[in-house]
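Q: Next up is a structure, given as structure tokens.
Here it is in structure tokens:
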């Protein structure tokens, strides 16, 4: 019997099913460990932030030097889809545009933005979408044409007409909203606008003849401003005249001539228009610092005659912190955001207790109390302790859960159960086949010898029975294998793709926040200690110990997160690769190797290789080095506290001896004099009765006090040096340890984003 069992285990199909069961068992265990490591990693981010904040609050004297450069931060979201850019307006489109909207009255105009004071290139025009009915518009620099580079900047304020959607855009309305047919009033306004444009050009030529350069102003329908209003408008746009050459666009002379015909069309308003017809909101004008924005669209190589300037996908702001506490407070904020970025992956991995409790909705809890019977689906307890708690399976909840869809953990659990069942069925089938082969050999031997027909009939009956068992076991194995294939293709494949995309989104957000932290933490290189004599307290040492423990836990959870993720994908890939082999030779190979299964196996293979190539060792070493740095600070603080305690001990001893000596002098000599020896009773009879001995009997005590005083002074000197060393060591270690750690973790998260991005591109075929 043992020989038959060993022979069954050596069968390729049985051995393959055993390997499949082992890989799936490892995948289930790795998923649980990955969920735990993921939750611990997110928790360690928050704990590290809190510990770092407490540590920084204990060092208020660490201030940032005034010579330290400020930080330029990106305030946009980490993953923004690029906005489609509309094509530039053609000459025919510009000639048929509806008339511009009227200018705002002077009392409604917002104050102009401050002129740029920096020497670098000023920001390009902003083009972001604003509410259609917003009364305020942002003043932006004018885009000059090639034919008028020396012309000053022009600016105007627009109030969009709420009548039709087509009037909300000044240049690209036809790509989004169909225009309404013009009426007779349109041509009347156009004629008036042309006359007004001619008058403005004549005024501009007269002013140029006098040697003054004034920006011409675009009028609207029936509004005609006098010369005073025109000069007031020039004051609004004058802040942009410092660097006119930076605002020159590539508009051709044809566009310039068309704008001459349509003189009421403000080029400043053209630059402020967004892709969808809105103008830039006024919040950017109220920003404390004018910051550069990126130009996203440039002139095409095909020689397009106009340039398209759109809004930057991100805004930048300058930040300068004053102390280490402020720097760490900003870092703590992004630690919390990075931890929140992993909530989506936590839901997929079922890492929280609430998600685990939701998996038990099919269980109906019955709580038995002494006075009543409470039946509830929730876990609400009464004030009295229950006598007994019983659970009962709710089939309705199971059906509802199957309709809503299984979770990733339950899918793996069911696959493991199917794999165990498949292994037993394939093993039983192969053992029956081996027994069938033995009976066939016996039958052949009996027929060859021609003896005992009774044995021959019994052997034939056994063979028929074994053949029936082979059919039954084969059908059972085929049914189980088909169920596994169905769960693999319909449930596991989309869940793995969703998990990969969730991890990509998480690491992209974390990379964005860690990059910001890396930029902020560079300010610690400019820290100076304004109070080197501040001693270390027990609270300082406790905060340092907590920081070391928190960062050490972060390091451990980081290694666990990467390790279990690799183990999980490696186990899944091993199982998927084995599922491509057929379990039953009678079933064609195509039933197991579907397109989804092949693509899913390739997808997991690339995922596994991407995880294996991650440089997690460098990031782990960077975090570990910061743990060592904090440990050195903690050790120096311990040495300082030891010297401080010894100094306090010697000081108390000196005070005790000094008080003892003074008590003796006061008791026997009614004096605090430290020289001579007065005889008993000599202090009250007058001066003539005073007599002093040549020797001082308290000389030994005074010598002891002097020696003790020297010890105290020496220990105080050592303590002062220890304080200085501790403060200097703390400052140097913070300046070298923090930037290196955040630089490494930001670089690692960026590498993960690049690797997972390539893997997710492969997921399209799996879907």
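Numbering (full-length UniProt numbering), first residue to last: 1 to 767. Backbone N, C-alpha and C fix where the C-beta goes; we use that ideal spot for every residue, glycine too.
If I measure Cβ to Cβ from residue 470 and keep anything under 7 Å in the same chain, skipping five residues before and after, which residues do I get?
A: Residue mapping note: residue 470 aligns to position 470 of the chain shown, counting from 1. If we look at residue 470 and ignore the five residues flanking it on each side, its Cβ neighbours are 429, 432, 433 and 436.
Q: In the structure shown, what three-state DSSP assignment does residue 325 receive?
A: Here residue 325 corresponds to residue number 325 of the chain shown, with the count starting at 1. Helix, per DSSP.
Q: How many Å lie between residue 274 and residue 40 at the Cα?
A: Position 274 of the chain shown holds residue 274. Position 40 of the chain shown holds residue 40. Bear in mind that the predicted position of residue 274 carries a pLDDT of just 34, short of 50, making it unreliable; the figure below should be weighed with that in mind. Cα-Cα distance, rounded: 44 Å.
Q: Tell me the DSSP bridge mates of residue 528?
A: Counting from 1 along the chain shown, the entry for residue 528 is found at position 528. Beta-bridge pairing links residue 528 to 63.
Q: Per the contact definition of three or more C-beta pairs closer than 8 Å, is the stretch 51-71 in contact with the stretch 524-544?
A: Because the criterion of three Cβ pairs below 8 Å is met, the stretch 524-544 and the stretch 51-71 touch.
Q: Going by DSSP, what residues sit across from residue 319 in a beta bridge?
A: As a working mapping, residue 319 is identified with position 319 in the chain shown. Answer by DSSP bridge pairing, in chain order: 71.
Q: For residue 574, which residues of its own chain have a beta-carbon under 6 Å away from its beta-carbon, when the five flanking residues on both sides are left out?
A: In the chain shown, the residue the question calls residue 574 occupies position 574. These residues qualify, in order along the chain: 23.
Q: Please state the DSSP three-state secondary structure of residue 11.
A: Here residue 11 corresponds to residue number 11 of the chain shown, with the count starting at 1. Residue 11: coil per DSSP, three-state reduction.
Q: Could you tell me whether the Cβ atoms of residue 819 and residue 14 are closer together than 7 Å?
A: Missing from the structure shown is residue 819; the chain here goes from 1 to 767 and no further.
Q: Using DSSP with H/G/I as helix, E/B as strand and the rest coil, what is residue 740?
A: Position 740 of the chain shown, counted from the first residue, corresponds to residue 740. Three-state DSSP puts residue 740 in a helix.
Q: Based on Cα-Cα distance, which residue from 478, 444, 476 and 440 lies nearest to residue 465?
A: Counting from one through the chain shown, the residue named residue 465 turns up at place 465. Closest by alpha carbon: 440.
Q: Mark residue 450 as exposed unless 16 or more other C-beta atoms lie within 10 angstroms of its C-beta, in which case mark it buried.
A: Working through the chain shown from its first residue, we reach residue 450 at position 450. The residue in question, residue 450, is exposed, as its Cβ has fewer than 16 Cβ neighbours within 10 Å.
Q: Skipping 5 residues on each side, what residues in its chain have a beta carbon closer than 7 Å to that of residue 632?
A: For this step, residue 632 is matched to residue 632 along the chain shown. These residues qualify, in order along the chain: 729 and 733.
Q: Measure how close the beta-carbons of residue 577 and residue 491 come, nearest whole angstrom, since I'm counting them as under 8 Å.
A: Along the chain shown, read from residue 1 onward, the residue named residue 577 stands at position 577. Along the chain shown, read from residue 1 onward, the residue named residue 491 stands at position 491. The Cβ separation is near 19 Å, so there is no contact.
Q: Please name the residue, chosen from 700, 190 and 643, that lies closest to residue 714 on a Cα-to-Cα basis.
A: For the purposes of this step, residue 714 is identified with residue 714 of the chain shown, where counting begins at 1. Closest by alpha carbon: 643.
Q: Mapping DSSP to helix, strand and coil, what is residue 658?
A: As a working note, residue 658 is residue 658 in the chain shown. In the structure shown, residue 658 sits in a helix (DSSP, three-state: H, G or I).
Q: Once the 5 residues before and after residue 459 are set aside, which same chain residues still bring their CB inside 7 Å of it?
A: Stepping through the chain shown from its first residue, residue 459 is reached at position 459. 439, 442, 443 and 446, listed in sequence order.
Q: Say whether the stretch 640-660 touches the stretch 699-709, bearing in mind that this needs 3 or more beta-carbon pairs closer than 8 Å, one atom from each stretch.
A: Cβ pair count under 8 Å is three or more, so yes.
Q: Sort 510, 600 and 570 by Cα distance to residue 749 and report the nearest one.
A: By one-based count along the chain shown, residue 749 stands at place 749. Nearest C-alpha to residue 749: 510.
Q: Grouping DSSP H, G and I as helix and E and B as strand, with all else coil, what is residue 722?
A: For this step, residue 722 is matched to residue 722 along the chain shown. Correct three-state label for residue 722: helix.
Q: What's the C-alpha gap between residue 603 and residue 764?
A: Stepping through the chain shown from its first residue, residue 603 is reached at position 603. Stepping through the chain shown from its first residue, residue 764 is reached at position 764. Roughly 10 Å separates the two Cα atoms.
Q: For residue 52, tell me which candidate among 323, 193 and 331 has the shortest Cα-Cα distance.
A: Working through the chain shown from its first residue, we reach residue 52 at position 52. For residue 52, the nearest C-alpha among the options comes from 331.
Q: Is residue 53 helix, strand or coil when you go by DSSP?
A: Working through the chain shown from its first residue, we reach residue 53 at position 53. Of the three classes helix, strand and coil, the one that applies to residue 53 here is helix, per DSSP.
Q: Using a Cβ-Cβ cut-off of 7 Å (strictly less than) and excluding sequence neighbours within five positions of residue 423, which residues of its own chain qualify?
A: As a first step, residue 423 must be located in the chain shown, where it is residue number 423. Within the same chain, residue 423 has close Cβ partners 17, 18 and 21.
Q: Residue 636: buried (16+ other C-beta within 10 angstroms of its C-beta) or exposed?
A: Counting from one through the chain shown, the residue named residue 636 turns up at place 636. The residue is buried, with at least 16 neighbouring Cβ atoms inside 10 Å.
Q: To the nearest angstrom, report how far apart residue 752 and residue 593 are at their CA atoms.
A: As a working mapping, residue 752 is identified with position 752 in the chain shown. As a working mapping, residue 593 is identified with position 593 in the chain shown. Approximately 30 Å between the Cα atoms of the pair.
Q: Nearest CA to the CA of residue 619: which residue from 559, 598 and 709?
A: Reading the chain shown from its first residue, position 619 is the one you call residue 619. Ranking 559, 598 and 709 by Cα distance to residue 619 puts 559 first.
Q: How big is the Cα-Cα spacing for residue 351 and residue 36?
A: On the chain shown, residue 351 is found 351 positions in, with the first residue counted as 1. On the chain shown, residue 36 is found 36 positions in, with the first residue counted as 1. If I take the Cα positions, the gap works out to 6 Å.
Q: Candidates 201, 641, 581 and 716: which alpha carbon is nearest residue 12's?
A: Numbered from 1 along the chain shown, position 12 holds the residue referred to as residue 12. When only C-alpha atoms are compared, the closest one is 581.
Q: Look at the alpha carbon of residue 755 and the alpha carbon of residue 555, and state the distance between them as a whole number of angstroms.
A: Mapped onto the chain shown, residue 755 falls at position 755. Mapped onto the chain shown, residue 555 falls at position 555. If you take the alpha carbons of residue 755 and residue 555, they lie about 22 Å apart.
Q: In the structure shown, what three-state DSSP assignment does residue 624 receive?
A: Numbered from its first residue, the chain shown carries residue 624 at position 624. Here residue 624 sits in helix by DSSP.
Q: Below 8 Å on the Cβ atoms is my guess for residue 759 versus residue 610; work out the distance and round it to an integer in Å.
A: In the chain shown, counting from the first residue as 1, residue 759 sits at position 759. In the chain shown, counting from the first residue as 1, residue 610 sits at position 610. Yes, they are in contact, since the Cβ atoms of residue 759 and residue 610 sit about 5 Å apart, within 8 Å.
Q: Within 10 angstroms of the Cβ of residue 568, are there 16 or more other Cβ atoms? Answer buried if so, exposed if not.
A: As a first step, residue 568 is located in the chain shown; it is residue number 568 there, counting from the start. With 16 or more Cβ atoms within 10 Å of its Cβ, residue 568 is classed as buried.
Q: Among residues of its own chain, excluding the 5 on either side of residue 544, which ones have a beta-carbon nearer than 7 Å to its beta-carbon?
A: For the purposes of this step, residue 544 is identified with residue 544 of the chain shown, where counting begins at 1. Contacts found: 55, 630, 633, 634 and 637.
Q: Whole angstroms are fine: how far does the CA of residue 563 sit from the CA of residue 333?
A: Your numbering for residue 333 matches position 333 in the chain shown. Your numbering for residue 563 matches position 563 in the chain shown. Rounded to the nearest angstrom, the two C-alpha atoms are 28 Å apart.
Q: Buried or exposed, going by whether 16 or more other CB atoms sit within 10 Å of the CB of residue 650?
A: Position 650 of the chain shown, counting from 1, holds the residue named residue 650. Buried.
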